[in-house]
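Down below is the structure, laid out as structure tokens.
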DNA sequence: CCGGATCCGAATCGATACTG
DNA sequence: CAGTATCGATTCGGATCCGG
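Here's what the structure looks like:
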């Protein structure tokens, strides 16, 4: 157990001892969306071995990052403590930083509801949104469907359950102003590599219904600059 | 190699694939202080196996985070790329977050020059410093000696070479307004758990020379609030 | 179905030794 | 100074199994 210690008395070291182990940060990412059951986490992290999930949740609890809470009469959720929730700006900043180095998706890469929710949060530009009229989008990426409502600087994202009826949370009523479907290539819209028109032309995105003109607003509301160059170093 | 992939197409995931491996974040932390040679890094991370350091540096270069640069005629340094340097606010925020969960130092824990430098940066309160007169401290923690100069919102930290050859080799000391020495317990001063007077009384800190009254200014310039409670969960 | 625990082979890490 | 090489100790990944 002491083998995990980095042997330094330092805040950064303590932080990575708490949330630096493999998978831990992704568990935190998903819990930032909301409390999750063990099975939810396992589904949202399809490649995590179950024993690792179990171990990480124990460690995160010991570290005061995560708490177990009963749900209804039977059932159980994991949720972030107040201390754990303070990681939100850090995880968002990390997501923004990592976004810029994302390449094309690997053949086995998936987009989960929680990861897309957090990705939109990282890309959200409150300043840009404040200058636009309120908008209500329904975004589909792969199997994931999200209702994304932007009103001034306020962002609200709800996950639409595609295979099953919604659980607990009340879903937005009424139709979205714009419904569109995309693949992982939506990254290139958010990075500004493609304009909405180009994205449609290149088939990375398709409008299902509603006002296609709102795509411009979507693209300026959710945006992460690609740097001039983030080259992988040559050998 | 593909075994390292988390199988998700997401910015956070990409980020932890780049800098989430064991030791990687600490390498970045040290490089945020300045370019470092291989040997410097090894010294600053006493417990890192040399093959791991070597591997991480290669991975960080492939990820576009770190670059190798020649130094003088012979010699070699590792330094952050522009992209890597953008991690600075994230690492500082992580340090601030982790600081609050730090307990007492383990028997083998060390404080290195780079980790203390970054710790002071994380704790620096520009707003508090702006209201105080400029001050020039010399801080000793264990073997580490730092020259810490605060002028308004500007902070400058220089590392004084501690393993000074024989006692005669005096470094640019003596000019600081206040010279003091502490142990790891300096954490309790920065957290506000102890006032400067209490820290001296409890022997966690000793004024070597200069104006002891400046300790108040130091404590308000470098401060990280401990939350009301950051409890470790019970079993 | 939920919430894990157990087992085992594969990959990684840690410690030390050695080299250009 | 700047790393490789080696090898035992851990951890991770994948699959299966188990009690409510």
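Chains as they are written, first to last, in UniProt numbering: chain E, 1 to 235; chain H, 1 to 235. Positions of the beta carbon are idealized from the N, C-alpha and C atoms, including for glycine.
In chain order, 120, 121, 124, 126, 129, 148 and 149 place their CB closer than 8 Å to the CB of residue 155/E, counting only its own chain and leaving out the 5 sequence neighbours on each side.
The C-beta of residue 4/H has fewer than 16 other C-beta atoms within 10 Å across all chains shown, which makes the residue exposed.
CA-CA distance, residue 43/E to residue 21/E, rounds to 20 Å. In the DSSP annotation of this structure, the continuous segment of the alpha helix (DSSP H) that includes residue 33/E starts and ends at 24-33. Pairwise C-beta distances place the segment 89-107 of chain E in contact with the segment 14-34 of chain H, as three or more of them are shorter than 8 Å. Within the same chain, Cβ atoms closer than 6 Å to the Cβ of residue 138/E are found at 147, 176 and 179, the five residues on either side in sequence being excluded.
Contact with chain H is absent for residue 226/E, since none of that chain's Cβ atoms lies less than 7 Å from the residue's Cβ. What residue 192/H touches in chain E, judged by beta-carbon distance under 8 Å, is nothing: the nearest beta carbon there is about 15 Å away. DSSP places residue 107/E outside both helix and strand once states are collapsed to three, so it counts as coil. Straight-line spacing of the CA atoms in residue 214/E and residue 186/E works out to 15 Å.
Taking 3 residues as the shortest admissible run, the segment 121-169 of chain H contains the following complete beta strand (DSSP E) segments, listed from N- to C-terminal end: 135-141, 144-151 and 154-160. Cβ neighbours of residue 52/H within its own chain (closer than 8 Å, five residues either side excluded): 22 and 23. Within the segment 98-109 of chain H, the residues whose Cβ lies closer than 8 Å to any Cβ of chain E are, in chain order, 98, 99, 100, 101, 102, 105, 106, 108 and 109. The segment 80-87 of chain H and the segment 102-116 of chain H do not touch, with fewer than 3 CB-CB distances between them shorter than 8 Å. Look at residue 43/E here: in three-state DSSP terms it is helix. The contact set of residue 47/H on chain E, defined by CB atoms closer than 9 Å, consists of 5, 6, 7 and 8 in chain order. Residue 208/E sits exposed, since fewer than 16 C-beta atoms from the chains shown fall within 10 Å of its C-beta. By the neighbour-count definition (other C-beta atoms within 10 Å, threshold 16), residue 159/E is a buried residue. Residue 211/H sits in coil when the DSSP states are folded into three classes, being neither helix nor strand.
DSSP, reduced to helix, strand and coil, places residue 37/E outside both helices and strands of the structure shown, so it counts as coil. Taking a Cβ-Cβ cut-off of 9 Å, residue 219/H has no neighbours in chain E, whose nearest Cβ is about 17 Å from it.
Contacts with chain H at 7 Å (Cβ-Cβ) include residue 94/E.
Beta bridge pairing from DSSP links residue 70/E with 76/E.
Residue pairing by DSSP leaves residue 101/E without any beta bridge partner.
Listed in chain order, the positions of the segment 127-141 of chain H with a beta carbon within less than 7 Å of a beta carbon of chain E would be empty, since no residue qualifies.
Here residue 33/E really is in contact with residue 117/E; their C-beta atoms are around 5 Å apart, less than 8 Å. Looking at the backbone, the Cα of residue 60/H and that of residue 141/E are separated by about 31 Å. Less than 7 Å separates the beta-carbon of residue 105/E from that of residue 184/E. Secondary structure at residue 182/H: strand, using DSSP grouped into helix, strand and coil. If the five residues before and after residue 48/H are omitted, its C-beta is found closer than 7 Å to the C-beta atoms of 23 and 42, all from its own chain and listed in chain order. In the three-state reduction of the DSSP assignment, residue 94/H falls in the helix class, which pools H, G and I. Going by DSSP, residue 226/E is part of no alpha helix (DSSP H) at all; its letter is neither H nor E. Look at residue 176/E here: in three-state DSSP terms it is coil, with no helix or strand label. In the DSSP assignment, the residues bridged to residue 205/H are 182/H. The Cβ-Cβ distance between residue 219/E and residue 189/E falls below 7 Å.
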